[in-house]
Each structure stands twice: as C-alpha cells, then as structure tokens.
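Q:
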Amino acid sequence: MTLRKTRLTAKPALLLLPLVLALTLALAAPAWAKYVPDSFADLAGKVSPAVVNIRIVKTIKEGPMTGVMPFPGQQQAPDQEDPQGQMPDLHEFFRRFFGGQGGPGGPGGGAHPRQFKQRALGSGVIVDAKGYVITNNHVVAEADEILVRMKGGEELPAKIIGRDPKTDLALIKVDAKHDLPFLPLGDSDKLRVGDWVLAVGNPFGLEHTVTAGIISAKGRIIGAGPYDNFLQTDASINPGNSGGPLINLQGEVVGINTAIAPQGQGIGFAIPVNTTKTIMSQLRDHGRVVRGWLGVTIQPVTKELAGKFGLTEPIGALVADVAPGGPADKAGIKRGDVIVGYEGKTVKDMHALPRLVAETKVGSEVSLEVVREGKKRPLQVTIGELKAEGPVSPKAAAPESEVKLGMGLQELNPELAKQLNMSGKQGLVVTSVEPGGPAAEAGLQRGDVILEAAQKPIASLAQFKDAAGKLKAGEGLLLLIQRRDSTLFVVIKAPDSK
Numbered sequence: 075m076t077l078r079k080t081r082l083t084a085k086p087a088l089l090l091l092p093l094v095l096a097l098t099l100a101l102a103a104p105a106w107a108k109y110v111p112d113s114f115a116d117l118a119g120k121v122s123p124a125v126v127n128i129r130i131v132k133t134i135k136e137g138p139m140t141g142v143m144p145f146p147g148q149q150q151a152p153d154q155e156d157p158q159g160q161m162p163d164l165h166e167f168f169r170r171f172f173g174g175q176g177g178p179g180g181p182g183g184g185a186h187p188r189q190f191k192q193r194a195l196g197s198g199v200i201v202d203a204k205g206y207v208i209t210n211n212h213v214v215a216e217a218d219e220i221l222v223r224m225k226g227g228e229e230l231p232a233k234i235i236g237r238d239p240k241t242d243l244a245l246i247k248v249d250a251k252h253d254l255p256f257l258p259l260g261d262s263d264k265l266r267v268g269d270w271v272l273a274v275g276n277p278f279g280l281e282h283t284v285t286a287g288i289i290s291a292k293g294r295i296i297g298a299g300p301y302d303n304f305l306q307t308d309a310s311i312n313p314g315n316s317g318g319p320l321i322n323l324q325g326e327v328v329g330i331n332t333a334i335a336p337q338g339q340g341i342g343f344a345i346p347v348n349t350t351k352t353i354m355s356q357l358r359d360h361g362r363v364v365r366g367w368l369g370v371t372i373q374p375v376t377k378e379l380a381g382k383f384g385l386t387e388p389i390g391a392l393v394a395d396v397a398p399g400g401p402a403d404k405a406g407i408k409r410g411d412v413i414v415g416y417e418g419k420t421v422k423d424m425h426a427l428p429r430l431v432a433e434t435k436v437g438s439e440v441s442l443e444v445v446r447e448g449k450k451r452p453l454q455v456t457i458g459e460l461k462a463e464g465p466v467s468p469k470a471a472a473p474e475s476e477v478k479l480g481m482g483l484q485e486l487n488p489e490l491a492k493q494l495n496m497s498g499k500q501g502l503v504v505t506s507v508e509p510g511g512p513a514a515e516a517g518l519q520r521g522d523v524i525l526e527a528a529q530k531p532i533a534s535l536a537q538f539k540d541a542a543g544k545l546k547a548g549e550g551l552l553l554l555i556q557r558r559d560s561t562l563f564v565v566i567k568a569p570d571s572k
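In terms of the working numbering, the sequence shown opens at residue 75 and continues consecutively.
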C-alpha cells in the first residue's frame with residue numbers, strides 16, 4: 075500500500091555529530107553517551123513477531139472520462155475537491171460559460187466503465203492476543219479480501235471491525251485458532267523530542283524491516299485531516315510501512331506510521347498512540363467513532379484578521395459560521411467570535427479546537443472563552459454529537475460586470491441564487507479572479523459569494539464599490555464570503571500606489 079504523500083515543504087535534516095569524539099583515550103565518554111543503545115537487536119527480536127504484513131485485494135471501477143483531470147499520480151473520486159478547491163460540477167458549470175472540453179458526449183468523454191482487481195500491501199501491529207490489529211484506514215479501505223501474514227509465514231484471513239477516515243486508523247481482526255503475540259500500547263504524551271524509536275513494517279514488500287531513529291518533532295500539522303497531530307521521526311519509513319508501529323525502547327507502541335514527506339529523506343509521520351487508543355476502543359465497542367460537535371465553521375486567525383477582531387496577536391479559532399440550532403448557536407456563539415479558551419485550556423490556533431471538541435463526551439457541558447468586539451466573554455455550551463457529513467456543492471454564476479481589486483463580480487439575482495442554493499440571500503458572486511491580483515492574494519475563488527464588506531451586508535455592486543473606494547493604498551477590507559456550504563472571513567488589500 076502506498077503511503078499518502080503530504081504536500082509538506084521541508085528541508086533535509088542535519089546530520090548528528092558523532093556520539094563520541096575520540097580526542098584522546100584518556101578522556102571520559104560524554105555523560106549523554108550512556109543513552110545510546112549498543113544494539114537494537116534484542117528489542118527488534120522481541121517486537122517483530124507482533125508486526126504483520128497486510129495484503130489486500132479490492133475492486134477498482136473506472137468511470138467515463140471527463141474534461142477535468144486530477145494531477146498526475148492522483149486518484150480523484152467524483153465528490154472530492156480538485157487542487158484548486160472547486161468541485162467537479164462547479165468546473166462543469168464554468169466550462170459551459172467559458173468553454174472547455176469533456177462532459178457527456180463531448181471530447182474526452184468515455185464510453186463504458188470497466189473494473190479490475192487491485193492488490194496492495196501494508197503493515198499492521200497486533201495489539202491483543204485475540205487477534206485485533208491496528209493499521210491505517212487507507213491500507214484496508216474498500217478491501218474485498220484481507221490477508222494477514224505473520225513473521226513465521228503463517229497467513230490468516232482478517233475482517234474489518236471498524237474504520238475512521240478522519241484519523242486514518244482502522245481496526246481489523248484476525249481469525250486465529252490460538253493466542254497471538256501482541257505489543258502493549260505506550261503513552262505518546264511522555265515522548266520527548268530526541269527519544270529513540272524503531273519503525274517496523276514491510277516497505278516495498280520487504281517483510282519485517284526494522285529501522286531506527288528519533289522523535290524529531292511532536293504536534294505536526296501536515297494537512298491530512300481535521301485532527302492532525304503527528305509525531306515526526308527520522309526512522310526510515312517507505313511505501314508499505316503504512317499501519318506499522320513506531321516503538322520506544324521499552325517495546326511499547328507509541329505511534330502508527332502513516333505518511334512521508336516526498337520532498338526530503340528522513341521525514342516520516344506517525345499517529346500518536348494516545349489518539350490510537352481512543353479510536354481503537356470505540357471501533358472495537360461500536361464499530362464507529364463518536365465525536366463531540368460544537369456546530370461552528372472555523373478558520374485561522376491571521377495577522378490581518380487579528381487586528382480586525384480586536385486581538386493583539388493571531389491566536390484562537392475564528393468563527394466563520396454557526397450551525398442554526400446547534401450547540402454553539404444555543405450557547406450564544408456568534409459569527410465573528412474568536413474562541414481562545416476551552417475548558418481552561420488555551421486554544422492556540424484553529425487546529426487545536428477540533429481535537430478538543432472531538433474528544434469531549436457527547437452531552438458534556440464545557441466552558442468556552444471567546445473574544446467578541448475586542449472583549450473576552452465566558453460561555454457555557456453543551457457538546458452535541460458529530461454526524462456524518464455530506465455537503466452538496468453549489469453551481470456558480472456567469473460574469474456581467476467587473477470592479478477593481480482583481481476580480482469580476484455579479485449581483486446575486488433570484489436565478490443565480492437558486493443555482494447556488496442560496497435562495498433568500500443577497501450578495502455578489504465572484505465570477506473571475508485575476509492571477510496575482512489582490513483577490514487572488516486574499517484567497518478568493520471563482521464561485522465565492524461576498525455577503526459582507528467591513529461587517530456590513532452587501533447586496534449591490536454600488537455598495538461594494540463604495541466600501542472598496544474608501545480603502546487607502548495597502549489597507550485591508552474585511553469580507554465575509556460563502557464558499558459552497560461554508561462561510562469564512564478574508565481580508566483583501568488595496569493595491570499599493572505606484
């Protein structure tokens with residue numbers, strides 16, 4: 075199974091200096107030299123029997139071709155976003171207005187779908203004598219058959235107990251007639267940067283390969299999902315290591331190897347085992363994961379946004395939208411609030427809040443601290459249950475007229491509002507974005523709908539021109555936009571005068 079490659083940009087790690095500098099035989103070894111193991115052989119021999127090779131077979135269906143192709147090397151499902159953040163049907167809507175190929179009956183269209191069998195390899199670790207195995211979701215997702223191969227060559231069928239795509243974890247169970255060797259789960263919170271670890275797995279099908287390294291960093295955000303919180307290691311991880319364990323010197327699992335950074339060697343990522351414990355317990359007991367839900371759409375607080383919302387520094391999670399009738403709505407949280415505290419813990423950035431909420435028991439009452447209009451306010455909220463998501467993508471509009479700031483705009487009329495599933499709302503549809511212009515720099519996309527400017531509703535081009543016309547060179551204008559089913563804030567800056 076090929077590891078998911080992240081888009082993380084990183085530089086190769088610097089080589090460590092030799093552990094002992096032999097300046098003279100009379101010099102004593104450095105105090106820290108005692109922490110360097112003479113050999114990992116005993117540890118490798120102890121843990122390897124509980125690491126398994128996972129072979130899967132799944133059916134791949136190829137649908138008709140369209141004019142919108144994913145980047146080379148990517149497989150893209152019909153309901154996934156493309157690299158520019160637009161949905162396929164949004165592409166199709168603009169294709170009809172601006173030209174292009176593809177679509178039913180057009181150039182590039184396909185005939186009949188076909189299907190074939192695909193075989194893949196991954197790794198896993200036995201965590202219970204009865205045959206429970208932890209691995210990555212992307213290793214076993216959509217598998218028709220799962221076969222687990224033990225170190226001694228024994229092959230056993232396995233079935234999926236539960237999967238959690240949001241953390242890329244899965245629990246499978248081997249059908250064994252006897253107790254199996256297993257590894258205990260450690261405490262990833264106790265890991266320190268610089269601690270020794272082993273990675274064991276089946277890279278490129280080379281069974282039970284053992285590599286050694288250290289914990290390079292903790293709490294890495296790599297864009298894999300809403301609950302990113304990865305361990306970084308320089309222990310060699312390659313395609314096929316997915317789902318295998320990261321092990322401390324006590325022989326405990328401290329992480330599940332998951333991803334690599336393609337830009338450099340020695341940069342691998344593992345899911346902390348404390349996350350794995352929570353997910354495994356729920357998958358084993360319920361076959362699914364129950365998460366807390368706050369009912370807000372959030373976004374990062376940038377330096378530009380911090381000043382607009384009365385903050386002295388970029389901290390917390392900015393509320394871009396509130397689900398009607400949800401826990402946040404009932405607690406009085408409003409769009410434009412910045413959540414900076416959760417149950418006494420500081421919300422340092424946007425990424426911290428989803429993890430805190432997800433780990434909260436459904437029905438619990440928690441205390442929040444928000445910044446509203448520059449002042450801190452305490453709020454109490456009862457956490458709900460996160461349901462399965464299935465957003466529907468709206469269609470976009472064609473351009474009629476343009477204003478400055480590097481984008482084309484059109485007033486949202488009843489026909490366009492219906493196409494965008496925004497009936498009853500007012501705003502301006504972004505019909506084009508000039509590459510490199512102020513709108514592009516702000517992150518605006520074709521199909522976005524501007525709802526507010528400077529925290530005031532916008533219904534006409536005249537209103538927007540009036541708000542934009544007051545900007546001085548280099549000054550920013552706070553916009554509230556709707557993008558598909560979510561709203562978010564952006565700051566667009568007036569061009570510097572030349």
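Think of the CB as a built atom: it goes at the ideal place given N, C-alpha and C, for glycine as much as any other residue. In this text, all values refer to a predicted model and were calculated from it rather than measured experimentally.
#1: Could you tell me the alpha carbon to alpha carbon distance between S475 and V503, rounded to whole angstroms?
#2: Measure from the alpha carbon of S290 to the alpha carbon of each residue in L272, E281, G297, I130, then state which is nearest.
#3: Let's see if you can read the secondary structure: which residues bound the beta strand (DSSP E) around T283?
#4: Can you give the Cα-Cα distance for G205 and A391, rounded to whole angstroms?
#5: How would you label L483, buried or exposed, when you count the other beta carbons within 10 angstroms and need 16 or more for buried?
#6: Taking all protein chains shown into account, do 16 or more other C-beta atoms lie within 10 angstroms of the C-beta of T505, making it buried, or fewer, making it exposed?
#7: From I407 to D570, what distance separates their C-alpha atoms?
#8: Candidates G227, D242, I235: which alpha carbon is nearest N210's?
#9: Can you tell me which of the three DSSP states L490 falls into?
#10: Less than 6 Å between C-beta atoms, sequence neighbours within five positions excluded: which residues of the same chain meet that for N127?
#11: Quick one: grab the DSSP three-state call for G480.
#12: In or out: L323 buried (at least 16 other Cβ within 10 Å) or exposed?
#13: In the DSSP assignment, what are the bridge partners of P374?
#14: Any idea if I134 is buried or exposed, counting beta-carbon neighbours within 10 angstroms, 16 or more meaning buried?
#15: Who are the Cβ neighbours of A217 in its own chain at under 6 Å, not counting the five residues just before and after it?
#16: My output table needs one value for I128: the three-state DSSP class, helix, strand or coil.
#17: Quick test of your reading: I389 and V370, contact by CB under 8 Å. State the CB separation rounded to the nearest angstrom.
#18: Please work out which residues of its chain come closer than 6 Å, Cβ to Cβ, to R237, disregarding the five sequence neighbours upstream and downstream, and give them in chain order.
#19: For the beta strand (DSSP E) holding Q556, just list the boundary residues, first then last.
#20: Please go through the region 389 to 443 and give each complete beta strand (DSSP E) segment of 3 or more residues, from N-terminal end onward.
#21: For G213, which option in V207, S316, D302 has the closest C-alpha, if you only look at C-alpha atoms?
#22: Using the beta-carbon count (16 or more within 10 Å), is E485 buried or exposed?
#23: Taking the continuous beta strand (DSSP E) assigned at I246, which residues delimit it?
#24: Whole angstroms are fine: how far does the CA of R520 sit from the CA of A426?
#25: Could you check what DSSP says for G279 in three-state terms: helix, strand or coil?
#26: Starting from the Cα of I200, find the closest Cα among R362, S441, I334, D253 and give me that residue.
#27: Measuring alpha carbon to alpha carbon, tell me which residue in Q529, G517, L479, A533 is nearest K499.
#28: With a threshold of 7 Å on Cβ separation, who are the neighbours of L385 within its own chain once the five nearest residues in sequence on each side are excluded?
#29: Expressed to the nearest angstrom, what Euclidean distance is found between the alpha-carbon atoms of P512 and K539?
A: The relevant details are as follows:
#1: Translated into positions along the sequence shown, residue 475 becomes position 401. Translated into positions along the sequence shown, residue 503 becomes position 429. Note that S475 has pLDDT 34, beneath the 50 cutoff, so the model's placement of it is unreliable and the number below is only indicative. In a straight line, the C-alpha of S475 is about 11 Å away from that of V503.
#2: Mapped onto the sequence shown, residue 290 falls at position 216. Shortest Cα-Cα distance from S290 to any of L272, E281, G297, I130 involves L272.
#3: Taking the first residue of the sequence shown as 1, we reach residue 283 at position 209. For T283, the enclosing beta strand (DSSP E) has its first and last residue at 283 to 294.
#4: Reading the sequence shown from its first residue, position 131 is the one you call residue 205. Reading the sequence shown from its first residue, position 317 is the one you call residue 391. Taking the straight line joining both Cα atoms gives about 41 Å.
#5: Your numbering for residue 483 matches position 409 in the sequence shown. Buried is the call here.
#6: What you label residue 505 is simply residue 431 of the sequence shown in a count that begins at 1. Burial is judged here by how many other beta carbons sit within 10 angstroms of a residue's own beta carbon; T505 has at least 16 and is buried.
#7: Within the sequence shown, the letter at position 333 stands for residue 407. Within the sequence shown, the letter at position 496 stands for residue 570. Each residue's Cα considered, the two are about 36 Å apart.
#8: Here residue 210 refers to the residue found at position 136 of the sequence shown. The shortest Cα separation from N210 among G227, D242, I235 belongs to D242.
#9: Against the sequence shown, residue 490 aligns to sequence position 416. L490: helix per DSSP, three-state reduction.
#10: By one-based count along the sequence shown, residue 127 stands at place 53. If we look at N127 and ignore the five residues flanking it on each side, its Cβ neighbours are R223, N276, E281.
#11: For the purposes of this step, residue 480 is taken as the residue at position 406 of the sequence shown. DSSP places G480 outside both helix and strand once states are collapsed to three, so it counts as coil.
#12: Locating residue 323 in the sequence shown gives position 249, counting from the first residue. Exposed: under 16 other Cβ atoms inside 10 Å.
#13: Counting from 1 along the sequence shown, the entry for residue 374 is found at position 300. Answer by DSSP bridge pairing, in chain order: A391.
#14: On the sequence shown, position 60 is the one that residue 134 refers to. With fewer than 16 Cβ atoms within 10 Å of its Cβ, I134 is classed as exposed.
#15: As a working mapping, residue 217 is identified with position 143 in the sequence shown. Within the same chain, A217 has close Cβ partners I130, K132.
#16: Along the sequence shown, one-based indexing puts residue 128 at 54. I128: strand per DSSP, three-state reduction.
#17: Sequence index remark: in the sequence shown, residue 389 carries index 315 (1-based). Sequence index remark: in the sequence shown, residue 370 carries index 296 (1-based). I389 to V370, Cβ: 17 Å. No contact.
#18: The sequence position of residue 237 within the sequence shown is 163, counting from 1. Answer for R237: N211, A244, listed in chain order.
#19: As a first step, residue 556 is located in the sequence shown; it is residue number 482 there, counting from the start. Element bounds for Q556: 550 to 557.
#20: DSSP runs (the beta strand (DSSP E)) wholly in the region 389 to 443: 391 to 396, 412 to 416.
#21: Taking the first residue of the sequence shown as 1, we reach residue 213 at position 139. Looking at the sequence itself, residue 213 is Val, so the reference to Gly does not match. For V213, the nearest C-alpha among the options comes from S316.
#22: If you number the sequence shown from 1, residue 485 lands on position 411. Taking all protein chains in view, the Cβ of E485 is crowded by 16 or more other Cβ atoms within 10 Å, so the residue is classified as buried.
#23: On the sequence shown, residue 246 is found 172 positions in, with the first residue counted as 1. For I246, the uninterrupted beta strand (DSSP E) segment begins and ends at 243 to 248.
#24: Taking the sequence shown and counting its residues from 1, one reaches residue 426 at position 352. Taking the sequence shown and counting its residues from 1, one reaches residue 520 at position 446. Roughly 30 Å separates the two Cα atoms.
#25: By one-based count along the sequence shown, residue 279 stands at place 205. Note: G279 maps to helix in three-state DSSP.
#26: Residue 200 sits at position 126 when you count from the first residue of the sequence shown. When each option's Cα is compared against that of I200, the closest is D253.
#27: The residue given as residue 499 occupies position 425 in the sequence shown. For the residues Q529, G517, L479, A533, the minimum Cα distance to K499 belongs to A533.
#28: Within the sequence shown, numbered from 1, the residue matching residue 385 stands at position 311. Residues V375, V412, V445 of the same chain have their beta carbon placed closer than 7 Å to that of L385, with the five preceding and five following residues left out of the count.
#29: Position 438 of the sequence shown, counted from the first residue, corresponds to residue 512. Position 465 of the sequence shown, counted from the first residue, corresponds to residue 539. Whole-angstrom Cα-Cα distance: 15 Å.
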